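Structure first, then comments.
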Amino acid sequence: MRIPTFGFIFGLLTTLWCCNQSDDLSTTTLKPITYEYTGEGRCDTAKNRGVKVSADYFELVGTSPATRSINDSLRAMVATGIINWVDSAALAQTPAARTDLSKGASLFWESYRQMGEEGRMFGGCWELEIHCDSIYSSPEILTVRQATFTYSGGAHPNTQTTLQSFDRRTGHALKLTEVVTDTTALLPLVERAFRRQQEIPANGDLEAAGYFLRDGQFFLPGTFGIGREGLIFLYNPYEIAAYAVGPIELTVPYAQLKAILRKEK
């Protein structure tokens, strides 16, 4: 069933809530892109030394200002996924690494080399892999999930997942406060969904159950996205629980959000 276009966020999300329309990826043409670091210090599997940096992501096909803006943001997201793991002082000297994947990967190698010179190397190659995909697409909204896997020594690798929704008509990257009118009212809705998914009773002590909550106060995660069924919220490892728990992703249905979805100005 095709749904006519309504207002900005409220119209789109109310439409999804009422009609539960399915993803229409035919409205979005994606061009897959693969990047692999080939510069100095790339991983030598025979010697088990060096770094491996790779990224699988995509860009939208089109030439409109909105499309170009989204593509710029997608490339910046991938670059950020790399530079999040490099030395901040080195990054300050190479600001182009914020948008240039090769320069960011070179800084990752420099971090590896410096650790070796300082005698703090754990041994083996360092690895950094980024995978991006579209998890929701409509004529108005595009939501992207970016998953980053990195190993730089130690007992286990690290993972980081980012969600980002874009207004397809303007290219604007949406913030949570641009989607809902009241984050205070949103908080208990997310907590209720969290408890249900993690099988914690409504009156159960989350802190006693092992979750990282100062004074037992629940909080919204650092990343959210607009999905087909509702708003998606994702807690990364160490954000609210130990690494062994893994990422915690949950959805608050639009039916529960109707009162606080932001209407078009």
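Take 116 as the starting number for the sequence shown in this note's numbering and just add one per residue. The beta carbon of each residue, even a glycine, is placed where N, CA and C say it ideally should be. No experiment lies behind these values; they were computed from the predicted model shown.
Secondary structure at Arg164, three-state DSSP: helix, strand or coil? strand
C-alpha gap between Tyr326 and Ser221, whole angstroms: Rounded to whole angstroms, Tyr326 to Ser221 spans 37 Å at the Cα level.
According to DSSP, simplified to helix, strand and coil, what is Arg260? strand
According to DSSP, Pro368 sits in a beta bridge with which residue or residues? Beta-bridge analysis with DSSP links Pro368 to Gly345.
When you compare the CB positions of Ala181 and Thr265, do they come within less than 8 Å of one another, or not? no
Report the option in Val360, Glu244 and Ile185 whose CA atom is closest to the CA atom of Phe281. Residue Ile185 holds the alpha-carbon nearest to the alpha-carbon of Phe281 among Val360, Glu244 and Ile185.
Unbroken alpha helix (DSSP H) run spanning Pro303, endpoints: Thr298 to Gln313
Expected contact under 8 Å - CB spacing of Glu155 and Ser169 to nearest Å: Contact doesn't hold; Cβ gap of about 16 Å is too wide.
Around the Cβ of Tyr251, are there at least 16 other Cβ atoms within 10 angstroms (buried) or fewer (exposed)? buried
In terms of residues, what are the limits of the alpha helix (DSSP H) holding Thr182? Pro180 to Ile198
Given this structure, state the Cα-to-Cα distance separating Ala374 from Glu364, to the nearest angstrom. 23 Å
Enumerate in chain order the residues of its own chain whose CB-to-CB distance from Gln312 is below 8 Å, with the five nearest sequence positions on each side excluded. Ile363 and Leu365
Local conformation of Val360 per DSSP, three classes: helix
Could you tell me the boundaries of the alpha helix (DSSP H) in which Leu206 lies? Ser203 to Gln208
Burial state of Glu383, where buried means 16 or more other Cβ atoms lie within 10 Å: Because the chain spans 116 through 380 in this model, residue 383 falls outside it and cannot be assessed.
By alpha-carbon positions, which one of Pro368, Lys167 and Val295 ends up nearest to Glu225? Lys167
What three-state label does DSSP hand Asp139 in the structure shown? Its pLDDT being 36, under 50, Asp139 is placed unreliably by the model, and the measurement read from it follows with that caveat. Correct three-state label for Asp139: coil.
Which residue marks the beginning of the beta strand (DSSP E) containing Ser252, and which one marks its end? Trp241 to Ser252
When Phe173, Val176, Pro352 and Leu145 are compared against Gln275, the one with the closest alpha-carbon: It is Pro352.
Extent of the continuous beta strand (DSSP E) to which Leu278 belongs: Asn273 to Asp282
From Ser203, Thr298 and Arg377, pick the residue whose C-alpha is nearest to that of Gly337; which is it? Closest by alpha carbon: Thr298.
Less than 8 Å between the C-beta atoms of Cys247 and Gln229, yes or no? no
Residue span of the beta strand (DSSP E) that contains Leu145, given as start and end: Leu145 to Glu151
With DSSP as the reference, please indicate the residues paired to Glu174 in a beta bridge. Lys146
Comparing C-alpha positions only, which one of Glu255, Thr153 and His271 sits nearest to Tyr358? His271
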